[in-house]
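Here's the structure we're looking at; comments come further down.
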Amino acid sequence: DSGVTQTPKHLITATGQRVTLRCSPRSGDLSVYWYQQSLDQGLQFLIQYYNGEERAKGNILERFSAQQFPDLHSELNLSSLELGDSALYFCASSVASSYNSPLHFGNGTRLTVT
Amino acid sequence: GNSVTQMEGPVTLSEEAFLTINCTYTATGYPSLFWYVQYPGEGLQLLLKATKADDKGSNKGFEATYRKETTSFHLEKGSVQVSDSAVYFCALRHLTGNQFYFGTGTSLTVIP
């Protein structure tokens with residue numbers, strides 16, 4: 101158990117809809133990262149937050165947004181969903197202050213857009 | 152820039168065979184290096200790590216040595232088991248600490 105909790109595990113929705121994915125980081129980890137994993141594109145970095153503030157952006161679409169709350173949990177919002185958004189979405193957390201520290205991943209949310 | 156290059160898969164081995172999955176990196180300075188494993192239907196799990204040149208990370212029979220001169224961090228296991236079937240990801244964390252860079256993953260299937 102990595103200590104990172106993601107909900108829901110599975111989500112099935114229709115094109116054009118909006119969903120929210122939730123992540124609780126490991127206790128003590130201030131940094132949260134979101135990744136998208138699809139079959140043909142591997143692991144794609146979306147966005148990183150540290151203690152409530154956005155720190156880095158990767159290949160995140162404008163239809164997607166995220167935030168980190170004062171209690172350090174994070175949410176990833178996906179809107180105007182398209183078939184191509186179907187993927188596994190992972191949250192990961194890390195101790196931001198040390199470059200020796202690894203990422204700890206949750207088990208992911210599998211999103212299916214129909 | 153920073154990047155990680157992994158050998159392409161998929162890799163299929165017989166049980167008890169020797170495993171090598173190649174990983175090379177490009178980075179300024181001395182990053183930390185990691186191997187992650189992803190079993191079917193699960194998230195990525197840290198397998199091992201090395202934080203400076205010549206460090207050897209090891210776990211569950213897997214090993215990888217941080218080679219600065221060849222900018223490599225190849226994953227090895229002397230005798231694979233069916234239960235090692237998974238996707239393996241090489242990654243680096245840059246000195247500045249914020250960013251992680253992942254390879255594309257190598258799928259391993261071990262057959263009895």
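One line per chain: the protein sequences are A and B, in this order.
According to the working numbering, the first sequence is numbered sequentially starting from 101.
According to the working numbering, the second sequence is numbered sequentially starting from 152.
For glycine and all other residues, C-beta sits at the position ideal for the given N, C-alpha and C.
The structure presented is a predicted model; accordingly, all values stated were derived computationally and were not measured.
Relative to the C-alpha of residue i, which residue among the options is closest?
i: Ala-200/B; options: Pro-263/B, Thr-177/B, Asn-249/B and Phe-240/B; result: In the sequence on display, residue 200/B carries Lys and not Ala. Among Pro-263/B, Thr-177/B, Asn-249/B and Phe-240/B, the Cα nearest to that of Lys-200/B belongs to Phe-240/B.
i: Gly-212/B; options: Thr-202/B, Ala-204/B, Glu-227/B and Thr-222/B; result: Glu-227/B
i: Gly-206/A; options: Pro-125/A, Ser-165/A and Tyr-199/A; result: Pro-125/A
i: Cys-174/B; options: Tyr-217/B, Gly-152/B, Gly-192/B and Leu-197/B; result: Tyr-217/B
i: Leu-243/B; options: Pro-191/B, Tyr-187/B and Glu-193/B; result: Tyr-187/B
i: Glu-154/A; options: Phe-169/A, Gly-142/A and Arg-163/A; result: Phe-169/A
i: Asp-185/A; options: Thr-115/A, Asp-101/A and His-110/A; result: Thr-115/A
i: Arg-163/A; options: Thr-212/A, Leu-181/A, Tyr-149/A and Ser-127/A; result: Leu-181/A
i: Ile-172/B; options: Val-261/B, His-225/B, Thr-255/B and Gly-256/B; result: His-225/B
i: Gly-152/B; options: Ser-223/B, Gly-180/B and Pro-263/B; result: Gly-180/B
i: Thr-255/B; options: Gly-208/A, Gln-144/A and Asn-200/A; result: Gln-144/A
i: Lys-219/B; options: Lys-203/B, Val-233/B and Asn-210/B; result: Lys-203/B
i: Leu-183/A; options: Ser-198/A, Tyr-135/A and Thr-214/A; result: Thr-214/A
i: Val-233/B; options: Leu-164/B, Gly-194/B, Gly-160/B and Gln-157/B; result: Leu-164/B
i: Gln-196/B; options: Ser-102/A, Tyr-199/A, Phe-190/A and Ser-201/A; result: Ser-102/A
Any beta carbon from chain B within less than 9 Å of residue i's own beta carbon?
i: Val-104/A; result: yes
i: Gly-152/A; result: no
i: Phe-164/A; result: no
i: Phe-205/A; result: yes
i: Ser-131/A; result: yes
Name, please, each residue of chain B whose Cβ falls closer than 9 Å to the Cβ of residue i.
i: Gly-184/A; result: Those do not exist, as Gly-184/A stays about 19 Å from chain B at its closest Cβ, beyond 9 Å.
i: Phe-190/A; result: Gly-194 and Leu-195
Residue i versus chain B: which residues are under 7 Å apart at the beta carbon?
i: Pro-202/A; result: Phe-185, Leu-197 and Lys-200
i: Gly-208/A; result: Gly-194
i: Ala-156/A; result: Asn-249 and Gln-250
i: Gln-148/A; result: Asn-249
I believe residue i touches residue j by the beta-carbon criterion, under 8 Å. Please report the beta-carbon distance rounded to the nearest angstrom.
i: Leu-178/A; j: Val-119/A; result: 5 Å
i: Glu-175/A; j: Leu-130/A; result: So it is not a contact: roughly 16 Å between Cβ atoms.
i: Leu-170/B; j: Val-231/B; result: 5 Å
i: Leu-188/A; j: Phe-251/B; result: Their Cβ separation, rounded to whole angstroms, is 17 Å, which puts Leu-188/A and Phe-251/B out of contact at 8 Å.
i: Val-162/B; j: Leu-259/B; result: 5 Å
i: Thr-212/A; j: Lys-109/A; result: That pair is no contact at about 12 Å.
i: Asn-249/B; j: Ala-166/A; result: Incorrect: roughly 15 Å between the Cβ atoms, too far for contact.
i: Asn-159/A; j: Leu-146/A; result: 7 Å
The ligand FMN and residue i: does any heavy atom of the ligand fall closer than 8 Å to the residue's C-beta?
i: Tyr-150/A; result: The model depicted lacks the ligand FMN and carries no ligand whatsoever.
Do we get a CB-CB distance below 9 Å when we pair residue i with the residues of chain A?
i: Pro-182/B; result: yes
i: Ala-242/B; result: yes
Taking Cβ-Cβ distances shorter than 8 Å, what residues in chain A pair up with residue i?
i: Gly-256/B; result: Gly-142 and Leu-143
For residue i, count neighbouring C-beta atoms within 10 Å of its own C-beta (all shown protein chains included) and say buried if the count is 16 or more, exposed if not.
i: Val-155/B; result: buried
i: Val-104/A; result: buried
i: Ala-192/A; result: buried
i: Asp-171/A; result: exposed
i: Asp-235/B; result: buried
i: Gln-117/A; result: exposed
i: Thr-107/A; result: exposed
i: Leu-198/B; result: buried
i: Tyr-190/B; result: exposed
i: Ala-237/B; result: buried
i: Ser-194/A; result: buried
Starting from the beta carbon of residue i, find every residue of chain A whose beta carbon is closer than 7 Å, and list them in chain order.
i: Leu-246/B; result: Tyr-199
i: Phe-253/B; result: Leu-143
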